[in-house]
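Convert by adding 53 to the 1-based position in the sequence shown; the result is the number in the working numbering.
From the three backbone atoms N, C-alpha and C, an ideal C-beta is built for every residue, glycine too.
Everything numeric in this text was worked out from a predicted model, so none of it was measured.
All remarks here apply to the structure that follows.
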Amino acid sequence: NTSTGRLAGLRMRRVLCTTALHFVSTLNSSCPSSAHFPTATMSLSMLRHTQCWGGTHPHPKPQNKLLANKAQFSASKSQQRFYSPQAASSDAPLASSSTITLPEPMAPTEEPPARFQRLKSNFCRMCGSKMIGRKPEGEREWRHVCSNSNCGYIDYFNPRMVVGCIVEHHGKILLARRAIEPCRGKWTVPAGYMELHESTAEGAARETREEVNAEVQVLAPYCHWDIPMIGQAYILFRAQLAHPYTFSPGSESLETALFDPKDIPYDSLAFSSVALSLKYYLEDAASGKWRMHHGVIDKQPGSGPNDPGTFYLRDHMSVLTSHLENTTAPPPGASGKGNGGSRH
54 NTSTGRLAGL RMRRVLCTTA LHFVSTLNSS CPSSAHFPTA TMSLSMLRHT
104 QCWGGTHPHP KPQNKLLANK AQFSASKSQQ RFYSPQAASS DAPLASSSTI
154 TLPEPMAPTE EPPARFQRLK SNFCRMCGSK MIGRKPEGER EWRHVCSNSN
204 CGYIDYFNPR MVVGCIVEHH GKILLARRAI EPCRGKWTVP AGYMELHEST
254 AEGAARETRE EVNAEVQVLA PYCHWDIPMI GQAYILFRAQ LAHPYTFSPG
304 SESLETALFD PKDIPYDSLA FSSVALSLKY YLEDAASGKW RMHHGVIDKQ
354 PGSGPNDPGT FYLRDHMSVL TSHLENTTAP PPGASGKGNG GSRH
């Protein structure tokens with residue numbers, strides 16, 4: 054009985070070891086790299102030297118054939134990036150690498166760019182259904198589209214337009230110190246977002262009235278800067294103070310003041326668009342030839358509104374406009390008499 058029990062135990066160990074070896078060999082052959090399964094690789098090495106049959110014996114021929122197929126498949130798969138794990142079945146010996154059908158590499162799933170993901174449009178303003186991000190047929194850009202097929206409303210996000218004035222009075226430039234973010238406490242020209250139902254010049258005059266409580270005469274368009282990084286376009290006009298020639302801080306300003314050109318606080322200006330505009334404004338004023346400027350301001354990702362060295366102007370172009378104007382405003386730096394306005 055004892056001998057019979059030992060024999061049955063040896064047979065059972067042999068069956069278990071054979072099954073385990075077959076499983077480990079299949080597992081290693083069906084994975085992109087055995088490095089992903091170090092335990093399986095180690096187990097295979099241990100099984101090759103396990104005393105499963107009462108002593109150290111070489112594996113029977115079916116197992117040697119299995120290992121040979123594994124080596125052949127491993128050598129072949131090292132030259133392939135993709136392969137089918139289902140090609141190796143635990144119910145049959147491993148096929149040679151030449152019989153493995155390799156699928157075509159899958160193209161990466163297209164996802165919307167980060168700038169689109171930052172835009173939020175959750176519900177349709179027409180029917181209240183959920184909005185989804187996709188590319189409408191015939192368009193290249195991602196859009197927020199109503200999920201209701203009977204509606205199909207598209208919520209477009211377009212660049213915002215900022216309008217304002219470079220206000221001059223008796224050779225000095227009117228600036229306001231911001232009372233709101235961004236750039237609270239820094240200086241800027243009066244400007245803000247254009248409203249519906251107004252022209253750009255009307256919007257520039259309104260923003261000046263709101264931010265510095267000043268009435269102005271808009272003389273001519275001066276500059277148009279596009280800033281793709283933040284989706285904004287700046288249009289600034291040349292203007293001069295009008296009756297009653299006064300100014301004071303509005304609700305969005307801490308302080309207002311007239312600056313001599315040499316005293317403009319460039320280190321404390323709020324925005325790159327304002328810094329560039331004043332730079333060209335003073336150059337044109339010194340030459341006596343006014344130009345209309347256009348260009349694109351490229352900014353480094355993560356930079357502040359006017360961090361030095363983090364933006365540059367490209368595609369700059371200008372056209373002379375002096376001969377088209379009829380104005381009595383003296384250039385900055387020129388002397389003049391009159392009410393200089395209240396200083397705050």
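key: First through last residue of the alpha helix (DSSP H) which encompasses Gly-256   = As a working note, residue 256 is residue 203 in the sequence shown. Judged by DSSP secondary structure, Gly-256 falls within the alpha helix (DSSP H) whose first and last residues are 253 to 265.
query = Starting from Tyr-287 and walking both ways along the beta strand (DSSP E), at which residues does that stretch end?
reply = In the sequence shown, counting from the first residue as 1, residue 287 sits at position 234. Counting along the chain, Tyr-287 sits inside the beta strand (DSSP E) bounded by residues 285 to 294.
ask   = Asp-313 by DSSP, collapsed to three states: which one?
value = One-based indexing of the sequence shown puts residue 313 at position 260. Judged by DSSP in its simplified three-state form, Asp-313 adopts coil rather than helix or strand.
query = Does DSSP put Lys-118 in a helix, a strand or coil?
reply = Walking along the sequence shown from the start, residue 118 turns up at place 65. In this prediction, Lys-118 has a pLDDT of 46, which is less than 50 and means its spatial position is unreliable; what the coordinates show is noted afterwards. Lys-118 falls in the helix class under three-state DSSP.
request  = List the endpoints of the continuous alpha helix (DSSP H) containing Leu-335.
outcome  = The count along the sequence shown starts at 1 and reaches residue 335 at position 282. Leu-335 -> alpha helix (DSSP H) spans 325 to 340.
key: Cα-Cα separation, Arg-367 to Ser-182   = Numbered from its first residue, the sequence shown carries residue 367 at position 314. Numbered from its first residue, the sequence shown carries residue 182 at position 129. Approximately 42 angstroms, taken between the alpha carbons.
Spatial distance of Glu-164 from Gly-191 (CA atoms) = Locating residue 164 in the sequence shown gives position 111, where the first residue counts as 1. Locating residue 191 in the sequence shown gives position 138, where the first residue counts as 1. Cα to Cα, the separation comes out at about 17 angstroms.
key: Sequence-distant residues of its chain with Cβ nearer than 8 angstroms to Phe-176 (five each side left out)   = In the sequence shown, the residue the question calls residue 176 occupies position 123. Excluding positions up to five away in sequence, the list reads Ser-182, Lys-183 and Met-184.
request  = Counting only the same chain and skipping the five closest in sequence on each side, list residues whose C-beta sits under 7 angstroms from that of Asn-266.
outcome  = Within the sequence shown, numbered from 1, the residue matching residue 266 stands at position 213. For Asn-266, where only same-chain residues beyond five positions count, the Cβ hits under 7 angstroms are Phe-300, Ser-301 and Gly-303.
ask   = Gly-217: buried (16+ other C-beta within 10 angstroms of its C-beta) or exposed?
value = Walking along the sequence shown from the start, residue 217 turns up at place 164. Burial call: buried.
query = I think Phe-290 touches Pro-274, with their Cβ atoms under 8 angstroms apart; what is that distance to the nearest whole Å?
reply = Working through the sequence shown from its first residue, we reach residue 290 at position 237. Working through the sequence shown from its first residue, we reach residue 274 at position 221. Phe-290 to Pro-274, Cβ: 6 angstroms. Contact.
inquiry  = Given this structure, state the Cα-to-Cα distance separating Pro-156 from Pro-166, to the nearest angstrom.
reply    = Position 103 of the sequence shown, counted from the first residue, corresponds to residue 156. Position 113 of the sequence shown, counted from the first residue, corresponds to residue 166. The predicted position of Pro-156 is uncertain, since its pLDDT is 47 and thus under 50; a value taken from the coordinates is nonetheless stated next. Using only the alpha carbons, I get a separation of about 29 angstroms.
Distance between Leu-329 and Ala-348 (C-alpha atoms, nearest Å) = Against the sequence shown, residue 348 aligns to sequence position 295. Against the sequence shown, residue 329 aligns to sequence position 276. The residue asked about is misnamed: residue 348 is Gly in this sequence, not Ala. Going by the C-alpha atoms only, they are around 10 angstroms apart.
task = Can you give me the Cβ contacts of Val-372 inside the same chain, cut-off strictly under 7 angstroms, excluding the 5 residues immediately before and after it?
result = Position 319 of the sequence shown, counting from 1, holds the residue named residue 372. Hits under 7 angstroms: Arg-344 and Met-345.
key: For Pro-274, the three-state DSSP class (helix, strand or coil)   = Residue mapping note: residue 274 aligns to position 221 of the sequence shown, counting from 1. Assignment of Pro-274 by DSSP, reduced to helix, strand and coil, places it in the strand class.
query = Leaving out five residues before and five after Ser-306 in sequence, what residues of the same chain have Cβ atoms less than 7 angstroms from its Cβ?
reply = Position 253 of the sequence shown, counting from 1, holds the residue named residue 306. Excluding positions up to five away in sequence, the list reads Ala-229, Arg-230, Arg-231, Ala-232, Glu-264 and Val-265.
Residue burial classification, Leu-311 (beta-carbon count within 10 angstroms, cutoff 16) = Along the sequence shown, one-based indexing puts residue 311 at 258. Buried, by the Cβ-count rule.
message = I'd like to know if the region 249 to 257 and the region 314 to 327 are in contact, where contact means that at least 3 CB-CB pairs between them fall below 8 angstroms.
response = Because the criterion of three Cβ pairs below 8 angstroms is not met, the region 249 to 257 and the region 314 to 327 do not touch.
inquiry  = For Trp-240 and Ile-350, what's the separation of their Cα atoms in angstroms?
reply    = As a first step, residue 240 must be located in the sequence shown, where it is residue number 187. As a first step, residue 350 must be located in the sequence shown, where it is residue number 297. Using only the alpha carbons, I get a separation of about 19 angstroms.
message = So for Ser-301, helix, strand or coil by DSSP?
response = On the sequence shown, position 248 is the one that residue 301 refers to. Ser-301 carries a coil assignment under DSSP once its states are collapsed to helix, strand and coil.
request  = Can you give me the Cβ contacts of Arg-196 inside the same chain, cut-off strictly under 8 angstroms, excluding the 5 residues immediately before and after it?
outcome  = Here residue 196 refers to the residue found at position 143 when the sequence shown is read from its first residue. Within the same chain, and ignoring the five residues on either side of Arg-196 in sequence, the residues whose Cβ sits closer than 8 angstroms to its Cβ are Gly-186, Arg-187, Lys-188, Pro-189, Ile-207, Asp-208 and Tyr-209.
request  = Determine the extent of the beta strand (DSSP E) in which Ala-229 is found, giving its start and end residues.
outcome  = Indexing the sequence shown from 1 puts residue 229 at position 176. Per DSSP, Ala-229 belongs to the beta strand (DSSP E) from 225 to 231.
key: Of the residues Tyr-365, Gly-362, Thr-374 and Ser-356, the one placed nearest Cys-236, counting alpha carbons only   = Locating residue 236 in the sequence shown gives position 183, counting from the first residue. For Cys-236, the nearest C-alpha among the options comes from Ser-356.
ask   = Count the other CB atoms within 10 Å of the CB of Arg-225; is the residue buried (16 or more) or exposed (fewer)?
value = The residue labelled residue 225 in the question sits at position 172 within the sequence shown. In the sequence as presented, Arg is not what sits at residue 225; that position holds Lys. Burial is judged here by how many other beta carbons sit within 10 angstroms of a residue's own beta carbon; Lys-225 has at least 16 and is buried.
query = Thinking C-alpha only, which one of Glu-221, Val-215 and Arg-262 is nearest Ile-317?
reply = Indexing the sequence shown from 1 puts residue 317 at position 264. The shortest C-alpha separation from Ile-317 is found at Glu-221.
task = Can you give me the start and stop residues for the beta strand (DSSP E) that Arg-344 sits inside?
result = The count along the sequence shown starts at 1 and reaches residue 344 at position 291. For Arg-344, the enclosing beta strand (DSSP E) has its first and last residue at 344 to 352.
task = Compute the Euclidean distance between the alpha carbons of Val-271 and Asn-211, then round it to the nearest angstrom.
result = Counting from 1 along the sequence shown, the entry for residue 271 is found at position 218. Counting from 1 along the sequence shown, the entry for residue 211 is found at position 158. Rounded to whole angstroms, Val-271 to Asn-211 spans 27 angstroms at the Cα level.
query = If you draw a straight line from the alpha carbon of Ile-219 to that of Gly-284, how long is it in whole angstroms?
reply = The residue given as residue 219 occupies position 166 in the sequence shown. The residue given as residue 284 occupies position 231 in the sequence shown. The alpha-carbon atoms of Ile-219 and Gly-284 are separated by roughly 22 angstroms.
message = Let's see if you can read the secondary structure: which residues bound the beta strand (DSSP E) around Arg-171?
response = In the sequence shown, counting from the first residue as 1, residue 171 sits at position 118. Bounds of any beta strand (DSSP E) do not take in Arg-171, whose DSSP letter is neither H nor E.
ask   = Which whole-angstrom value describes the C-beta separation of Leu-288 and Met-214, a residue pair presumed to lie in contact below a C-beta threshold of 8 angstroms?
value = In the sequence shown, the residue the question calls residue 288 occupies position 235. In the sequence shown, the residue the question calls residue 214 occupies position 161. The sequence as given places Ile at residue 288; Leu does not occur at that position. Yes, Ile-288 and Met-214 are in contact; Cβ-Cβ is about 7 angstroms, under 8 angstroms.
request  = Within 10 angstroms of the Cβ of Glu-260, are there 16 or more other Cβ atoms? Answer buried if so, exposed if not.
outcome  = Position 207 of the sequence shown, counting from 1, holds the residue named residue 260. By the neighbour-count rule (16 or more Cβ atoms within 10 Å), Glu-260 is buried.
task = Name the two residues that bound the continuous beta strand (DSSP E) containing Gly-217.
result = Your numbering for residue 217 matches position 164 in the sequence shown. Looking at the DSSP string, the run of the beta strand (DSSP E) that includes Gly-217 is 213 to 222.
query = With 16 as the cutoff for other CB atoms within 10 Å, does Gln-353 come out buried or exposed?
reply = One-based indexing of the sequence shown puts residue 353 at position 300. When all chains shown are included, Gln-353 counts as exposed.
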